[in-house]
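Residues 10 to 113, numbered by our numbering, are exactly what the sequence shown covers, in order.
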Amino acid sequence: MVAPERKEKLRKQLVNEAKSVVYYEHALPYGVFRIKKILYSMELQQYPVFEKYYSACSGLPVGSERRHWDRKSLDTYDKKIIKLNAKLQPEIFAACYKIIDTYQ
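Structure below.
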């Protein structure tokens, strides 16, 4: 069980991160990973799209690990990330708006 004061802090972080995603302040992979982490800390499981996206990104170069990849390889993987973003973005945005509406 999450302590009430911790839960309140996590709730605010969750809403802020969801806003960052729908306002395009963060790249989709970064925002999804942050939201997934916060949801886990809050012990919330009603937003499976974040786990789905996270699992689909497994093995793809996202975040600071990209600095270790050569550009030609990144081009290949970026095409996969772009397709994944196009496929799941509407569902992710819907979940983010639901989070904002529910927890703001």
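The beta carbon of each residue, even a glycine, is placed where N, CA and C say it ideally should be.
The Cβ atoms of I108 and L37 do not sit closer than 8 Å to each other. Here L48 has L23, Q54, Y56, F59 as same chain residues with Cβ atoms under 8 Å from its own Cβ, once five neighbours each way along the sequence are excluded. CA-to-CA, the gap between R15 and L93 works out to about 33 Å.
A distance of 8 Å or more separates the beta carbons of Y63 and I101.
DSSP, reduced to helix, strand and coil, places V11 outside both helices and strands of the structure shown, so it counts as coil. Annotation: A103 to E52 spans about 20 Å, alpha carbon to alpha carbon. Cβ neighbours of E26 within its own chain (closer than 7 Å, five residues either side excluded): G40, R43, I44, I47.
In the three-state scheme derived from DSSP, where H, G and I count as helix and E and B as strand, A36 is classed as coil. In the three-state DSSP reduction, G68 falls in the coil class, being neither helix nor strand. By the Cβ-count criterion, P13 is exposed, with fewer than 16 other Cβ atoms from all chains shown falling within 10 Å of its own Cβ.
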